[in-house]
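Numbering (my numbering), first residue to last: 669 to 758.
A virtual CB, placed ideally from N, CA and C, is assigned to each residue, including glycine.
Heads up: the structure comes next, in structure tokens.
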């Protein structure tokens, strides 16, 4: 039997709860890289991350959305690294 709207929303809420924790952990790790890298942006690494993410998505319809989210994650990670790097200089 198909899930009801409420059941599907509960599943989304459960995924969102895990996703928020994982994103916070990822951002924390990314911010800690500020002192280890010469430059905040590493295009080769970013391309590798995007390729890996694309390979993990089996449904081609979803791939562009997933990659857009990853691009935003990397953008926010760079901003955190830049802020941490600048805070370390003062």
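* Asked: By DSSP, does residue 748 sit in helix, in strand, or in coil?
  -> DSSP, reduced to helix, strand and coil, places residue 748 within a helical segment of the structure shown.
Chain-order list of residues whose beta-carbon lies under 6 angstroms from that of residue 752 (same chain, five-residue window excluded): Closer than 6 angstroms at the Cβ level, and outside the excluded window around residue 752, lie 699, 702.
Please check the pair residue 689 and residue 749, which I expect to be a contact at CB under 8 angstroms, by giving their CB distance rounded to whole angstroms. In fact, because the Cβ distance is near 21 angstroms, the residues do not count as touching under 8 angstroms.
message = Give the list of continuous alpha helix (DSSP H) stretches no shorter than 4 residues that lie fully inside the region 676 to 733.
response = Qualifying alpha helix (DSSP H) stretches, in chain order: 711 to 724.
Check your understanding: Under three-state DSSP, which class holds residue 736?
Key -> If DSSP states are grouped into helix, strand and coil, residue 736 belongs with the helices.
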